[in-house]
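Colleague: Heads up: the sequence shown at position 16 corresponds to 27 in our numbering, and the numbers run straight through without jumps.
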Amino acid sequence: MIKVMIADDQELIRESLKIVLSTHEDIDVVDTASDGFEVLKCLEKYVVDVILMDIRMPGLDGVMATKEVKAKYPNTKIIILTTFDDDDFVFSALRYGASGYLLKGVSMDELYKAIVTVNTGGAMINPDIATKVFSMFSKMQQNNYTIKVDEKDVETLSKPEWKVIQHVGYGLSNKEIAQKLFLSEGTVRNYLSSILSKLNLRDRTQLAIWAVESGLMTRTFDDE
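Have a look at this one:
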């Protein structure tokens, strides 16, 4: 059972999402919140696997709430859900540890799949803004937002692992990576686990940021 919290300042949206998501047998909406402060209070009472977090909320907004939640409850996954396609918000929320970013126009089926994906350690970026996110990651070095990885650890990566990292940088899911590289999803998961362990990175979001920062996205490994 995936325990979900919904944080949005509009009651209609909170209740609508709760009703729809509760129709799935593997999802339990444990609580709702109208701002970031309520999110933190709720987390004192409930163990939550995934939070659907609105960006623009009064008091403590979704970006700063994400930062606070990930600092205190690192195992809780966060999907940013908003109508605002805003560069700074996308950049900051992902930087603070959000695992996904979806526009509110997403279908309920896509939202459900995103929750399941994020709960199992994956990342989910709405296709409509994936290019924008990639562009922002590319500019991170100019803003001093970098992911530090020891060069000695980098040298331990195998060619197949480099290929997996590159596809993670492009925002592909495990299933998509498996199809691209003619591997099983289980093999891709094993590669990812090995890569994160070798590089001492927290999750695939950090891995994606590092892949872009390191210039990996322009390399062609088949020719090496």
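Even glycine gets a Cβ: it sits at the ideal position worked out from N, Cα and C.
1. Compare the beta carbon distance of Thr87 and Asp60 with 8 Å and say whether it is the shorter of the two.
2. Going straight from the alpha carbon of Leu168 to that of Arg215, what length do you get?
3. Applying the 10 Å Cβ sphere with the 16-neighbour rule, what's the burial state of Gln217?
4. I want to see whether chain C comes within less than 8 Å of Ile17, judged by CB atoms only; does it?
5. So for Val223, helix, strand or coil by DSSP?
6. Beta-carbon separation of Tyr31 and Ile17 under 8 Å?
7. Secondary structure at Ile66, three-state DSSP: helix, strand or coil?
8. Nearest to Glu22 by CA position, among Ala44, Thr34 and Ser33, is which residue?
9. Name the residue from Thr93, Val58, Val15 and Gln177 whose alpha carbon lies nearest to the alpha carbon of Leu259.
10. To the nearest whole angstrom, what separates the beta carbons of Val80 and Ile62, a pair I think is in contact under 8 Å?
11. My understanding is that Ile176 touches Ile220, with C-beta atoms under 8 Å, so please give their C-beta distance in whole angstroms.
12. DSSP three-state call for Asp60: helix, strand or coil?
13. Throw me the rounded Cβ distance for the Ile13 and Ile126 pair, which I believe falls under 8 Å.
14. May I ask you to list the residues that DSSP assigns as paired with Gly182?
15. Measuring straight from C-alpha to C-alpha, what distance separates Gln152 and Ala222?
16. Span of the beta strand (DSSP E) holding Val199?
17. Does the beta carbon of Ile66 fall short of 7 Å from some heavy atom of the ligand MN?
Modeller: This is what the structure gives:
1. Translated into the one-based positions of the sequence shown, residue 87 becomes position 76. Translated into the one-based positions of the sequence shown, residue 60 becomes position 49. Yes. Within cutoff.
2. For this step, residue 168 is matched to residue 157 along the sequence shown. For this step, residue 215 is matched to residue 204 along the sequence shown. Looking at the two C-alpha atoms, the distance is approximately 16 Å.
3. Looking up residue 217 in the sequence shown gives position 206. Residue environment for Gln217: buried (at least 16 other C-beta atoms within 10 angstroms of its C-beta).
4. Here chain C cannot be found, since the structure has a single protein chain.
5. Here residue 223 refers to the residue found at position 212 when the sequence shown is read from its first residue. Per DSSP, reduced to three states, the secondary structure at Val223 is helical.
6. By one-based count along the sequence shown, residue 31 stands at place 20. By one-based count along the sequence shown, residue 17 stands at place 6. Looking at the sequence provided, one finds Val at residue 31 rather than Tyr. The answer is no: Cβ separation not under 8 Å.
7. By one-based count along the sequence shown, residue 66 stands at place 55. Ile66 falls in the coil class under three-state DSSP.
8. Locating residue 22 in the sequence shown gives position 11, where the first residue counts as 1. Nearest C-alpha to Glu22 among Ala44, Thr34 and Ser33: Ala44.
9. This structure leaves residue 259 out entirely; the chain is present only between 12 and 235.
10. The residue labelled residue 80 in the question sits at position 69 within the sequence shown. The residue labelled residue 62 in the question sits at position 51 within the sequence shown. With 8 Å as the limit, Val80 and Ile62 qualify as a contact, their Cβ atoms being about 7 Å apart.
11. In the sequence shown, the residue the question calls residue 176 occupies position 165. In the sequence shown, the residue the question calls residue 220 occupies position 209. Contact between Ile176 and Ile220 does not hold, since the beta-carbon distance rounds to 11 Å and is not under 8 Å.
12. Mapped onto the sequence shown, residue 60 falls at position 49. Here Asp60 sits in coil by DSSP.
13. As a working mapping, residue 13 is identified with position 2 in the sequence shown. As a working mapping, residue 126 is identified with position 115 in the sequence shown. Yes, Ile13 and Ile126 are in contact; Cβ-Cβ is about 6 Å, under 8 Å.
14. Taking the first residue of the sequence shown as 1, we reach residue 182 at position 171. Per DSSP, none; premise fails for Gly182.
15. Along the sequence shown, read from residue 1 onward, the residue named residue 152 stands at position 141. Along the sequence shown, read from residue 1 onward, the residue named residue 222 stands at position 211. Confidence at Gln152 is low in this model, with a pLDDT of 48, below 50, so the placement of that residue is unreliable and no value is reported for it.
16. Start at 1 with the first residue of the sequence shown, and residue 199 comes out as number 188. It is not in any beta strand (DSSP E) - Val199 instead sits in the alpha helix (DSSP H) that spans Glu196 to Leu210.
17. The ligand MN is not part of the structure shown, which contains no ligands of any sort.
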